[in-house]
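Visitor: Those protein sequences? They're chains A and B, same order as listed.
Per our numbering, the first sequence starts with residue 193, numbered consecutively.
Per our numbering, the second sequence starts with residue 1089, numbered consecutively.
We put the CB at the ideal spot given by N, CA and C, even for glycine.
Before I ask anything, let me first share the structure, which is written out below as structure tokens.
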Amino acid sequence: MIETLRKKGAGNPLKCVQCGSCTSACPVTLIREDFNPRRIVGSIARFNRLPDQDPWLCSTCSLCSERCPQAVNPFSIIMVLRSVLYENGGEAPLSILKMVEQVRETGLAFPLTPESREKRRLLCLPEAGLSEQGLSEVRRILREAGFK
Amino acid sequence: MSLTLYLGCVIRTVQPEVEKAVKETLSRIGVSFSEQPEASCCAPSWFFSLSREAWLRLNERNMRLLNSTVVTACDDCFASLSDAFRIIAESKGVKPPGLKPFQTLLLERLREVKPRLGFKGLRCAVQHSCRFLRPAGRGLDNPEDPKTVKSVLEALGFLPVSYEGELNCCGGFVSDENVGGEMARLKAGSAEKAGADCIVATCSHCMLRLSPVSRIPVLHLGQLSAFSLGSDPLQIGFPEALLRRVVKR
Ligand code: SF4
Ligand code: SF4
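As structure tokens, then:
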């Protein structure tokens, strides 16, 4: 795990002194005590294993990284954790997978509904969405990056 | 001044009135801009956290397409593009395109262009996006005491109000609806309690998170700037309830 983090350019858990500044700053911990960035970093640094916490709870606010006195960067560690879990067959939230699917459809992460197209027309805004050529480039990138 | 406008996915699909407002604002402050309709989603943190490769490659494509200085209308796009462009440019030994958030550009321009202040100010609670505040090293604003959006609002004739938890994250990217919704409710409730007439955001995802739980309207800064600079409120989705307040005070 530590090696994977290093390869993906995400912080250094070994520098963690378990001071807890990250957790004190974390807005999600305030609502869900079971989510704890200090413990996430700790289980990687001490046991070199995947923490048993849901990295998808993180709001990606990056306050933990800002407050960390050791430049550990818990936020980027959590981002890499997500990708490692996903690559190993773990679940990702449906809302997020839907956005990826949407990017494959139109190049944009949210749907261009008939209503939004009509609204754009009424406001004299140009058509949104990529050309077929652009879309095939985007789809190739997604395919090659491993999205089925 | 000529720039490329990068609006992002949410504005182009879900919030066309914000697109209208941002474009009206730019025209009214004398900024000419072009667009790059072939640019894709900036693949921000939720995407990056599934695949760093897809994030970098989609933005390598975007970087090829966006070759003049880019102005972004959503802070999440700003952060994603700016991080990706830096990494890509370093690996290729080239200079990345310049990037500027909408509010930073507005602040610069409003020093020269004086808006039409034909109304009495609305009280605005600012939703400072995490992406604009951090990392502090990006140097966009002071993350502990951000001033950019408030200064823009003042220059436009609005009254920024402070509120408890002003710097807290709104929960925009929490995938768990209960947790994200609770974070947003706390913020929106606190803004309302402080007497704000509306919440002003510069990130589309903050808007999406706050709008469904807020009892006061949530607007993009561009809607307020376009209004203040004389745009037709109907075209820019300026809420009627706020219009009435503007006249009343
Ligand atoms: S703030 Fe940094 S050093 Fe302190 S516990 Fe968190 S990751 Fe470790
Ligand atoms: S980035 Fe995630 S873990 Fe870090 S403080 Fe924010 S919500 Fe908590």
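Taking Cβ to Cβ, would you say residue 1310(B) is nearer than 8 angstroms to residue 1110(B)?
Guide: Reading the second sequence from its first residue, position 222 is the one you call residue 1310(B). Reading the second sequence from its first residue, position 22 is the one you call residue 1110(B). For residue 1310(B) and residue 1110(B), yes; Cβs fall inside 8 angstroms.
Visitor: With 16 other CB atoms within 10 Å as the buried threshold, where does residue 201(A) fall?
Guide: One-based indexing of the first sequence puts residue 201(A) at position 9. Under this definition residue 201(A) is an exposed residue.
Visitor: Going along the chain, which residues of the stretch 1249 to 1263 of chain B sit with their C-beta nearer than 8 angstroms to a C-beta in chain A?
Guide: Those residues of the stretch 1249 to 1263 of chain B that come within reach of chain A (Cβ to Cβ, closer than 8 angstroms) are 1256, 1257, 1259, 1260, 1261, 1262, 1263.
Visitor: Going along chain A, which residues have a C-beta under 7 angstroms from residue 1108(B)?
Guide: One-based indexing of the second sequence puts residue 1108(B) at position 20. Result: 315, 317.
Visitor: Provide the residue span of the beta strand (DSSP E) that contains residue 1188(B), from first to last.
Guide: Within the second sequence, the letter at position 100 stands for residue 1188(B). Taken as a continuous stretch (DSSP letters only), the beta strand (DSSP E) holding residue 1188(B) covers 1187 to 1189.
Visitor: Closer than 7 angstroms is what we want: which residues have a beta carbon that near any heavy atom of ligand 4? List them in chain order.
Guide: This structure lacks ligand 4; its bound ligands are ligand 1 and ligand 2.
Visitor: Within 10 Å of its beta-carbon, does residue 334(A) have 16 or more other beta-carbons around it, so buried, or fewer, so exposed?
Guide: Taking the first residue of the first sequence as 1, we reach residue 334(A) at position 142. Residue 334(A) comes out buried.
Visitor: Look at the Cβ atom of residue 1155(B), then the Cβ atom of residue 1176(B), and state whether they are nearer than 8 angstroms.
Guide: Position 67 of the second sequence, counting from 1, holds the residue named residue 1155(B). Position 88 of the second sequence, counting from 1, holds the residue named residue 1176(B). No, these two residues do not count as a Cβ contact at 8 angstroms.
Visitor: Flag residue 303(A) as yes if its beta-carbon sits less than 8 angstroms from any beta-carbon of chain B, otherwise no.
Guide: The sequence position of residue 303(A) within the first sequence is 111, counting from 1. At least one chain B Cβ lies under 8 angstroms of residue 303(A).
Visitor: I'd like the list of long-range same chain contacts for residue 1167(B), defined as Cβ closer than 6 angstroms, with 5 residues on each side in sequence excluded.
Guide: As a first step, residue 1167(B) is located in the second sequence; it is residue number 79 there, counting from the start. Excluding sequence neighbours, residue 1167(B) sits near 1219.
Visitor: Select from the stretch 265 to 286 of chain A all residues with a C-beta closer than 7 angstroms to any C-beta belonging to chain B, and list them in chain order.
Guide: Taking 7 angstroms as the Cβ-Cβ cut-off against chain B, the residues of the stretch 265 to 286 of chain A that qualify are 271, 274, 275, 278, 284, 285.
Visitor: Is residue 1165(B) near ligand 1, going by C-beta to nearest heavy atom under 7 angstroms?
Guide: For the purposes of this step, residue 1165(B) is taken as the residue at position 77 of the second sequence. It does not: the Cβ of residue 1165(B) is nowhere closer than 7 angstroms to a heavy atom of ligand 1.
Visitor: Could you check if residue 243(A) belongs to the surroundings of ligand 1, using beta carbon to heavy atom distance under 7 angstroms?
Guide: Taking the first sequence and counting its residues from 1, one reaches residue 243(A) at position 51. Not so, every heavy atom of ligand 1 lies at least 7 angstroms from the Cβ.
Visitor: Can a CB atom of chain A be found closer than 8 angstroms to the CB of residue 1138(B)?
Guide: Here the question's residue 1138(B) lines up with position 50 in the second sequence. Cβ-Cβ to chain A under 8 angstroms: yes for residue 1138(B).
Visitor: For residue 1255(B), I'd like the list of residues in its chain whose CB is within less than 8 angstroms of its CB, leaving aside the five on either flank, ordered along the chain.
Guide: Mapped onto the second sequence, residue 1255(B) falls at position 167. Hits under 8 angstroms: 1216, 1221, 1231, 1232, 1234.
Visitor: Residue 316(A): buried (16+ other C-beta within 10 angstroms of its C-beta) or exposed?
Guide: The residue labelled residue 316(A) in the question sits at position 124 within the first sequence. Exposed, by the Cβ-count rule.
Visitor: Taking the continuous beta strand (DSSP E) assigned at residue 1287(B), which residues delimit it?
Guide: Residue numbering aside, residue 1287(B) sits at position 199 when the second sequence is read from its first letter. Per DSSP, residue 1287(B) belongs to the beta strand (DSSP E) from 1286 to 1289.
Visitor: Could you tell me if the beta carbon of residue 1294(B) falls within a distance shorter than 7 angstroms of some heavy atom in ligand 1?
Guide: Residue mapping note: residue 1294(B) aligns to position 206 of the second sequence, counting from 1. The answer is no for residue 1294(B).
Visitor: Which same chain residues end up closer than 6 angstroms to residue 1095(B) when comparing Cβ atoms and leaving out the 5 residues on each side of it in sequence?
Guide: The residue given as residue 1095(B) occupies position 7 in the second sequence. For residue 1095(B), where only same-chain residues beyond five positions count, the Cβ hits under 6 angstroms are 1107, 1161.
Visitor: Who are the neighbours of residue 1101(B) on chain A, taking C-beta pairs under 7 angstroms?
Guide: For the purposes of this step, residue 1101(B) is taken as the residue at position 13 of the second sequence. The answer, in chain order, is 300, 302, 303, 304, 308, 320.
Visitor: Along the beta strand (DSSP E) that carries residue 1215(B), what are the first and last residues, could you check?
Guide: Here residue 1215(B) corresponds to residue number 127 of the second sequence, with the count starting at 1. Where residue 1215(B) is concerned, the enclosing beta strand (DSSP E) stretches over 1211 to 1215.
Visitor: With DSSP as the reference, label residue 205(A) as helix, strand or coil.
Guide: Taking the first sequence and counting its residues from 1, one reaches residue 205(A) at position 13. Three-state DSSP puts residue 205(A) in a helix.
Visitor: Go to residue 1159(B), then tell me how far its beta strand (DSSP E) extends in each direction, as first and last residue.
Guide: Working through the second sequence from its first residue, we reach residue 1159(B) at position 71. Residues 1158 to 1160.
Visitor: Which residue or residues does DSSP assign as beta-bridge partners of residue 1123(B)?
Guide: Here residue 1123(B) refers to the residue found at position 35 of the second sequence. DSSP output for residue 1123(B) lists 1093(B) as bridge partner(s).
Visitor: Measure the CB-CB distance between residue 1334(B) and residue 1312(B) and report whether it falls below 8 angstroms.
Guide: As a position in the second sequence, residue 1334(B) is number 246, starting the count at 1. As a position in the second sequence, residue 1312(B) is number 224, starting the count at 1. No, they are not a contact pair.
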